[in-house]
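For the sequence shown, my numbering puts the final residue at 58, and the numbers step up evenly by one.
Think of the CB as a built atom: it goes at the ideal place given N, C-alpha and C, for glycine as much as any other residue.
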Amino acid sequence: GLANGMLLRPLGNVVYFMPPYVITEAEIAHMTRVAWEGIQLAVSD
């Protein structure tokens, strides 16, 4: 995540998001895309 401009924090079975209070739809799409790619990478091992 961090290499893609995101800091995602795993907390047990939860991925914790802390977006800014003001966020665009494009930033939300980027955040979810990076999270999804990170989850896919984690479960593929």
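Answer yes or no: do residue i and residue j have a C-beta to C-beta separation smaller than 7 Å?
i, j, result
"Ala-42", "Val-28", "no"
How many Å lie between residue i and residue j at the Cα?
i, j, result
"Pro-32", "Pro-23", "15 Å"
"Pro-30", "Leu-21", "A small fix is needed here, since residue 30 is Phe in this sequence, not Pro. Roughly 6 Å between the two C-alpha positions."
"Val-56", "Met-19", "19 Å"
"Gln-53", "Thr-37", "24 Å"
"Tyr-34", "Thr-45", "16 Å"
Give me, in chain order, the residues of the same chain whose beta-carbon lies closer than 6 Å to that of residue i; leave out the 5 immediate sequence neighbours on both sides.
i, result
"Asn-17", "Val-47"
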